[in-house]
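Each residue of the sequence shown is one higher than the last, beginning at 20 in the working numbering.
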Amino acid sequence: MFKTIDFKKYTSINIGGKYKVKVIDQIDDYNGYKIIGKGNNLLISNTPPKMAILGEEFDYILQKSGKLIVGAATTSGKLLTYCKKNNIANFELLAKLPGNMGGLVKMNAGLKKWEIFNHLYSITTQDGILLKQDIEYTYRDTKIDGIIFEIIFNIELGFDINLQKEFISMRDNQPNLPSAGSCFKNPKEHSAGYLIEKVGLKGYSIGGMAFSSLHANFLVNMGGGTFDEATKLIKLATQRVKDEFNILLELEIQIL
Ligand SMILES: Cc1cc2nc3c(=O)[nH]c(=O)nc-3n(C[C@H](O)[C@H](O)[C@H](O)COP(=O)(O)OP(=O)(O)OC[C@H]3O[C@@H](n4cnc5c(N)ncnc54)[C@H](O)[C@@H]3O)c2cc1C
């Protein structure tokens, strides 16, 4: 089955055309398709690859033998609510961290030292079950090949409401305008936001796109922003930071 998605509405940065997307309803090898989640980390180009999304069959949460079994199409918000209700710890970081669990695991999403991989047990892809110790992962990146269909986490009891509040307050400096989260990964030496500010691009805009004046590492859509404007800003920041600091900024946003 296919459905047409208007990416301008679907993605959090409000950029992209209308494309037919394959809806996946069973585990198989979908070679040739780029899997997408909820579009919170995506910048859709003018020529995207063939794309697929997981259907509602992959939206579930179960508990079995001390493990939490989660379908990869489950949203972070749904899992957070479930963990709060069932007094399960270590998922407080999902507060205001938008996406599907498949996207969050693929990106090893997180905030500071809290990352999705911290309490992961295994994932299921088209190649079967992969245990955490057999997966290569690092800060905001994994080497997971293909599609994640299911994720299993270890369960510890004790949901911490204060920690959830702390995560929400850590986001106080994030802009409300449409964005795809952090544009660049933070290099070891300095945060990407600091570097963008230091090269004079905090609040700088091209057409409808800008590096936010609230948080320079957020590439925001002020209205009607386009892929070409976004990539011009990305190139400009990369070049200036390279010239002035000799640091190569690496994109966190996924360009398709
Ligand atoms: C306001 C805002 C704040 C944010 N804050 C944070 C933050 O604090 N920390 C953080 O880490 N991120 C943050 N993000 C980015 C985003 O929330 C994460 O990257 C999240 O993991 C994206 O999930 P998604 O389902 O939207 O994935 P998409 O954006 O749809 O896809 C992201 C990547 O995951 C892959 N993918 C998606 N589903 C699957 C699957 N089932 N199997 C394999 N690969 C898959 C895609 O191919 C793509 O490469 C923020 C975004 C916004 C808009």
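C-beta atoms are modelled at their ideal positions from N, C-alpha and C, and glycine is treated no differently.
Query raised in the report: Taking the continuous alpha helix (DSSP H) assigned at Ile253, which residues delimit it?
Result: Walking along the sequence shown from the start, residue 253 turns up at place 234. Here the alpha helix (DSSP H) through Ile253 covers Phe246 to Phe264.
Report task. Measure the alpha-carbon distance for Met228 versus Lys251 and round it to whole angstroms. Result -> In the sequence shown, residue 228 corresponds to position 209, counting from 1. In the sequence shown, residue 251 corresponds to position 232, counting from 1. Met228 and Lys251: Cα-Cα distance of roughly 10 angstroms.
Report task. List the DSSP bridge partners of Tyr38. Result -> Your numbering for residue 38 matches position 19 in the sequence shown. Partner(s): Ile24.
Query raised in the report: Which residue or residues does DSSP assign as beta-bridge partners of Glu134?
Result: Sequence index remark: in the sequence shown, residue 134 carries index 115 (1-based). Partner(s): Gly129.
Requested in this report: State the DSSP-derived secondary structure class of Val218, mapped to helix, strand or coil.
Outcome: As a working mapping, residue 218 is identified with position 199 in the sequence shown. Here Val218 sits in coil by DSSP.
Query raised in the report: Using a beta-carbon distance below 8 angstroms, is Ile266 in contact with chain B?
Result: Of the protein chains in this structure there is only one, and it is not chain B.
Query - Tyr213 in three-state terms, based on DSSP - result: Position 194 of the sequence shown, counted from the first residue, corresponds to residue 213. It is helical.
Report task. Check whether the Cβ of Pro117 lies closer than 7 angstroms to any heavy atom of ligand 1, and answer yes or no. Result -> If you number the sequence shown from 1, residue 117 lands on position 98. Under cutoff, so the answer is yes.
**Report entry** Burial state of Gln152, where buried means 16 or more other Cβ atoms lie within 10 Å
**Finding:** In the sequence shown, the residue the question calls residue 152 occupies position 133. Counting of Cβ neighbours within 10 angstroms places Gln152 among the exposed residues, the total staying below 16.
Query raised in the report: What is the DSSP secondary structure of Phe186, counted as helix, strand or coil?
Result: Taking the first residue of the sequence shown as position 1, residue 186 is located at position 167. Helix at Phe186.
Query raised in the report: Which two residues bound the contiguous alpha helix (DSSP H) that contains Ser31?
Result: Taking the sequence shown and counting its residues from 1, the one referred to as residue 31 is at position 12. From DSSP, Ser31 is part of no alpha helix (DSSP H); its letter is neither H nor E.
Query - Boundaries (first-last residue) of the beta strand (DSSP E) holding Lys86 - result: As a first step, residue 86 must be located in the sequence shown, where it is residue number 67. Lys86 to Gly90 is the span of the beta strand (DSSP E), which, as asked, contains Lys86.
Query raised in the report: How many Å lie between Leu150 and Leu220 at the Cα?
Result: What you label residue 150 is simply residue 131 of the sequence shown in a count that begins at 1. What you label residue 220 is simply residue 201 of the sequence shown in a count that begins at 1. Using only the alpha carbons, I get a separation of about 42 angstroms.
**Report entry** Bridge-paired residues (DSSP) for Ala71
**Finding:** Here the question's residue 71 lines up with position 52 in the sequence shown. According to DSSP, Ala71 bridges with Lys41 and Ile54.
**Report entry** Per-residue burial, Ile187 [other beta carbons within 10 Å of its own, 16 or more giving buried]
**Finding:** Here residue 187 refers to the residue found at position 168 when the sequence shown is read from its first residue. Ile187 is exposed by the Cβ-count criterion.
Report task. Hey, could you find the ends of the alpha helix (DSSP H) Lys103 is sitting in? Result -> Along the sequence shown, read from residue 1 onward, the residue named residue 103 stands at position 84. Run containing Lys103: Ser95 to Lys104, per the alpha helix (DSSP H) assignment.
Query raised in the report: Just curious, the beta strand (DSSP E) that Glu205 is in, first and last residue?
Result: Along the sequence shown, read from residue 1 onward, the residue named residue 205 stands at position 186. Checking the sequence shown, residue 205 turns out to be Asn, not Glu. DSSP places Asn205 outside any beta strand (DSSP E), giving it a letter other than H or E.
Report task. Return the CA-CA distance between Gly222 and Gly118, expressed in angstroms with no decimal places. Result -> Mapped onto the sequence shown, residue 222 falls at position 203. Mapped onto the sequence shown, residue 118 falls at position 99. Going by the C-alpha atoms only, they are around 26 angstroms apart.
Query raised in the report: Measuring CB to CB, does Ser231 end up less than 8 angstroms from Leu196?
Result: As a position in the sequence shown, residue 231 is number 212, starting the count at 1. As a position in the sequence shown, residue 196 is number 177, starting the count at 1. Result yes, Cβ atoms of Ser231 and Leu196 sit closer than 8 angstroms.
Query - Check: Gln152 C-beta below 7 angstroms from any heavy atom of ligand 1 - result: In the sequence shown, counting from the first residue as 1, residue 152 sits at position 133. It does not: the Cβ of Gln152 is nowhere closer than 7 angstroms to a heavy atom of ligand 1.
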